[in-house]
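**Student:**
Residue numbers (our numbering): 1076 to 1142.
See the structure below:
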């Protein structure tokens, strides 16, 4: 995102807030663009219950924002 500082604004306002883009498409975009960044290095993480809860909350917040 550092290479394209305005990209997050474009994604937020042009995609997530758009009523003409179906929710299923928004979810697919989120799976392709957001989750890989959020889960980078996940294989080496040691998750405790607290972190697992935070990841679940992050996912739910993202799903709510996309609708």
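The beta-carbon is built from N, C-alpha and C at its ideal position, and this holds for glycine as well.
#1: Below 8 Å on the Cβ atoms is my guess for residue 1096 versus residue 1090; work out the distance and round it to an integer in Å.
#2: Measuring CB to CB, does residue 1137 end up less than 7 Å from residue 1101?
#3: Could you check what DSSP says for residue 1089 in three-state terms: helix, strand or coil?
**Tutor:** Reading off the structure:
#1: Here residue 1096 refers to the residue found at position 21 of the chain shown. Here residue 1090 refers to the residue found at position 15 of the chain shown. Contact holds; Cβ gap of about 6 Å.
#2: By 1-based counting over the chain shown, the position of residue 1137 is 62. By 1-based counting over the chain shown, the position of residue 1101 is 26. Against a cut-off of 7 Å, the Cβ pair of residue 1101 and residue 1137 comes out as no contact.
#3: Reading the chain shown from its first residue, position 14 is the one you call residue 1089. It is helical.
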